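Only one structure is covered here, and it is reproduced in the block below.
Chains as they are written, first to last, in the working numbering: chain A, 5 to 474; chain B, 987 to 1206.
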């Protein structure tokens, strides 16, 4: 059930209840009032009738009148005032009536106390009153006894109140119709309001669905000043956060895919060589010399695979937490020097170091590895047999720098040198035993330290790599 | 006349293994480890029947080399470690005859090479060992210039041994190639064919039996 449906039905229910109670009370009150008025009317009418009749009859009648004269005079006098609701009786005899009932069956006029004599020779007693159902009709009836010339007459007024009931029913029906229309109008208004109010919700829900479907750049276009507007603003903030996060995740995933692709590619070449030489040894009749060469190839490729694996392991193992502490820069540089000594000597490259004697807050093993990789890389910038090369390692004020005066890096390659397996000159790198992972590893270590790596290079003049520690 | 194959592959181990294998099987190979050097050499000598190109090459890469190969009308098979379909599609759409993904087996490579050579009408149809000459087109065999009559099956066995000269050909391979894929009969029939080949062509020592492996026709 939708919100607007709920609100509309709730509203209709409440309206209907209120209208029902109100109109019920009103109808009851109206009925009560009208009946009271009718009663009063009947009483007044009967009293007037009785008084008028008795006065006139008292005036006209003589004690000497014969029965026939008397009866006709009585009838005449009564007819002057009576209408079709009036009944005149003498003892059990109906003298005048327009009704088909005998009112004395239901109501007897009061017989005592002794009537008060009136100056015109008549008298009447107090009124009696009946209210009830006679032959399925609601009836009000008033009666009193009137004495004219020692003869007692009963004057009745019998009012049918069915009309009143009918009117009340009609009124109730009109009330019902009006209240139904009111309820319908009210529910309609609420529906309209709620639906207009819920439109931004639909927009929000649509946006949420599209975001769930992968369109992370979708925002809810809701600009209302109410709570829904606030919700939409929060929603959009959340969507932005989700988008950023997803972008970050897919970038990571993309990097990992590229990395794994690189790994696979790097493994395939040595594996192919090993496979080919193994098949050669198995299937071809080779000379002893060829056989030795093949085995040497296999050994070289296996050694290469072993080193590649080691480097990969280091690169991957970096994901775990690093242990930073304050390390004297001089100590760090000495360790780098010690572990690169042999390598640099074999390449005829000298390492010159300088430092400010401070400390750096790093994981010393990892930072050593980073610097060794940079120094190793720098030493490869010199052509073998081209005279002694020189690599400078300088540490000052939380910046570590490795420089060379070698061949430099072409500008178009600068942006890619930290990518895993990227090599500026593939065949030369391979001859130097490069894996394309050294600088990628350095970058990862720098990232793990929150440090920034910057490279400046001029082809033919040299390269400087700087590590800016935090 | 042996088929001449141009190999451009920067990994020396792979290049040497492929070249040696092709050479012993009767191909003439020229190996370059650099695209640019290969191009320079092509200017003076481009009488190659087929080129095997690596894609990731220093200097000029395989895709770029391909254009020059077309100019010299040399069919190309790529030897690539790039398994992503994008490069395969590029390679084949540009008209390369085939490609083979590393790591591969030389036997597979040779089968594909033969297909390409046959399709382009360059496949060597005359095989020689000692004073014996086999022509696969006319299906004739001569020894010292004189024709020798061989049964069809003997001819097929000899052809296979010659195609993979100096390489071990397994019994399964022979059975499959000569008798068909699902031959389930007696495999000793192969021994009989080998026996009569040795006798008819005086190849007693040249066709070597490698126990549990197969046979190898050696001329080195």
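Glycine included, each C-beta is placed from N, C-alpha and C at the ideal position.
Every value quoted in this text rests on a predicted model; they were computed, and no experiment measured them.
#### Entry: For residue 340 of chain A and residue 375 of chain A, believed in contact at Cβ under 8 Å, the rounded distance
The C-beta distance from residue 375 of chain A to residue 340 of chain A rounds to 5 Å, short enough to meet the 8 Å contact threshold.
### Task
Inspect the beta-carbon positions of residue 1039 of chain B and residue 994 of chain B and report whether they are closer than 9 Å.
Yes, these two residues count as a Cβ contact at 9 Å.
### Query
Among residues of its own chain, excluding the 5 on either side of residue 84 of chain A, which ones have a beta-carbon nearer than 7 Å to its beta-carbon?
The beta carbon of residue 84 of chain A is closer than 7 Å to those of 60 in its chain, skipping five residues each way along the sequence.
### Message
Just verifying my parser: in three-state terms, what is the DSSP assignment at residue 70 of chain A?
### Response
For residue 70 of chain A, the three-state secondary structure derived from DSSP is coil.
### Query
Does DSSP classify residue 443 of chain A as helix, strand or coil?
DSSP places residue 443 of chain A in helix when its eight states are reduced to three.
#### Entry: chain B residues whose Cβ lies nearer than 8 Å to that of residue 305 of chain A
Within 8 Å Cβ-Cβ: 999.
### Message
Which of the three DSSP states is assigned to residue 100 of chain A in this structure?
### Response
Strand.
### Query
residue 301 of chain A: buried (16+ other C-beta within 10 angstroms of its C-beta) or exposed?
Burial is judged here by how many other beta carbons sit within 10 angstroms of a residue's own beta carbon; residue 301 of chain A has at least 16 and is buried.
### Query
Of the choices A/444, A/414, A/438, A/12, whose alpha-carbon is the least far from that of residue 201 of chain A?
Closest option to residue 201 of chain A, Cα to Cα, is A/12.
### Query
Which chain A residues are close to residue 1061 of chain B, counting only those with a beta carbon under 8 Å from its beta carbon?
Residues of chain A passing the Cβ test: none, with the nearest at roughly 22 Å.
### Query
Within the 9 Å Cβ cut-off, does residue 298 of chain A reach chain B?
Output row for residue 298 of chain A: interface = yes.
#### Entry: Where residue 1123 of chain B falls, given that 16 or more other Cβ within 10 Å makes a residue buried
Counting Cβ neighbours within 10 Å, residue 1123 of chain B comes out exposed, since fewer than 16 surround it.
### Task
Quick one: using the 10 Å Cβ neighbour count with 16 as the cut-off for buried, is residue 1140 of chain B buried or exposed?
That one is buried.
### Message
According to DSSP, residue 461 of chain A sits in a beta bridge with which residue or residues?
### Response
Per DSSP, the beta bridge partners of residue 461 of chain A are A/467.
### Message
Quick check on residue 87 of chain A: does DSSP put it in helix, strand or coil?
### Response
Looking at residue 87 of chain A - three-state DSSP - the assignment turns out to be coil, as it is neither helix nor strand.
### Query
Are residue 466 of chain A and residue 409 of chain A close, meaning C-beta to C-beta below 9 Å?
Yes, these two residues count as a Cβ contact at 9 Å.
### Query
Within the present structure, is the beta-carbon of residue 183 of chain A separated from the nearest heavy atom of the ligand MN by less than 8 Å?
Of the ligands one can find in the structure shown there are none, so the ligand MN has no counterpart to examine.
### Message
Can you check which of these residues, A/165, A/147, A/164, is closest to residue 157 of chain A by C-alpha distance?
### Response
Looking from the CA of residue 157 of chain A, the closest CA among A/165, A/147, A/164 belongs to A/147.
### Query
Tell me which same chain residues have a C-beta within less than 8 Å of the C-beta of residue 1086 of chain B, skipping the five on either side of it?
If the five residues before and after residue 1086 of chain B are omitted, its C-beta is found closer than 8 Å to the C-beta atoms of 1063, 1064, 1065, 1066, 1094, 1095, 1098, all from its own chain and listed in chain order.
### Query
Do residue 279 of chain A and residue 1091 of chain B have their C-beta atoms within less than 9 Å of each other?
In this structure, residue 1091 of chain B lies closer than 9 Å to residue 279 of chain A by Cβ.
### Message
Please classify residue 73 of chain A as buried or exposed, where buried requires at least 16 neighbouring CB atoms within 10 angstroms.
### Response
Taking all protein chains in view, the Cβ of residue 73 of chain A is surrounded by fewer than 16 other Cβ atoms within 10 Å, so the residue is classified as exposed.
### Query
Can a CB atom of chain B be found closer than 9 Å to the CB of residue 5 of chain A?
For residue 5 of chain A, no CB of chain B lies under 9 Å from its own CB, so it is not counted at the interface with that chain.
#### Entry: Beta-carbon separation (whole angstroms), residue 1061 of chain B vs residue 1106 of chain B, contact threshold 8 Å
At roughly 5 Å, the Cβ-Cβ gap stays under 8 Å, so residue 1061 of chain B and residue 1106 of chain B are in contact.
### Query
What is the rounded straight-line gap between the Cα of residue 355 of chain A and the Cα of residue 299 of chain A?
The alpha-carbon separation between residue 355 of chain A and residue 299 of chain A amounts to approximately 37 Å.
### Query
From this set, A/357, A/365, A/401, which residue's C-alpha is nearest residue 394 of chain A's C-alpha?
It is A/357 whose Cα lies nearest to the Cα of residue 394 of chain A.
### Query
Using CA coordinates, which residue listed in B/1135, B/1156, B/1044 is at the minimum distance from residue 998 of chain B?
Taking residue 998 of chain B as reference, the option from B/1135, B/1156, B/1044 with the minimal CA-CA separation is B/1044.
### Task
Determine the extent of the beta strand (DSSP E) in which residue 1133 of chain B is found, giving its start and end residues.
For residue 1133 of chain B, the enclosing beta strand (DSSP E) begins and ends at 1132-1134.
### Message
9 Å is my cut-off, CB to CB: does residue 264 of chain A come that close to chain B?
### Response
For residue 264 of chain A, the nearest beta carbon of chain B is not closer than 9 Å to its own beta carbon.
#### Entry: Alpha carbon of residue 107 of chain A to alpha carbon of residue 29 of chain A, nearest angstrom
Approximately 34 Å between the Cα atoms of the pair.
### Interfacial residues, the stretch 1086-1101 of chain B to chain A, with Cβ spacing under 7 Å
So the close ones are 1088, 1089, 1090, 1091, 1092.
#### Entry: Three-way DSSP call (helix, strand, coil) for residue 1226 of chain B in this model
Past the boundaries of the shown model lies residue 1226 of chain B; chain B is included only from 987 to 1206, so the question cannot be answered.
### Message
Below 8 Å on the Cβ atoms is my contact criterion, and I expect residue 1136 of chain B with residue 1146 of chain B to pass it. Report the Cβ-Cβ distance as a whole number of Å.
### Response
Actually they are not in contact, since the Cβ atoms of residue 1136 of chain B and residue 1146 of chain B sit about 13 Å apart, beyond 8 Å.
### Task
Tell me whether residue 405 of chain A sits in a helix, a strand or coil according to DSSP, three-state version.
For residue 405 of chain A, the three-state secondary structure derived from DSSP is strand.
### Task
Compute the distance between the beta-carbons of residue 415 of chain A and residue 469 of chain A, then report whether it is under 9 Å.
No; because the gap between Cβ atoms is not below 9 Å, this pair is not in contact.
### Query
At a CB-CB cut-off below 8 Å, which residues of chain E make contact with residue 1154 of chain B?
In the structure shown, chain E cannot be found, because the protein chains are A and B.
### Message
Taking the alpha-carbon of residue 1041 of chain B as reference, which of B/1187, B/1084, B/1149 has the nearest alpha-carbon?
### Response
When the alpha-carbon of residue 1041 of chain B is set against those of B/1187, B/1084, B/1149, the nearest one is in B/1084.
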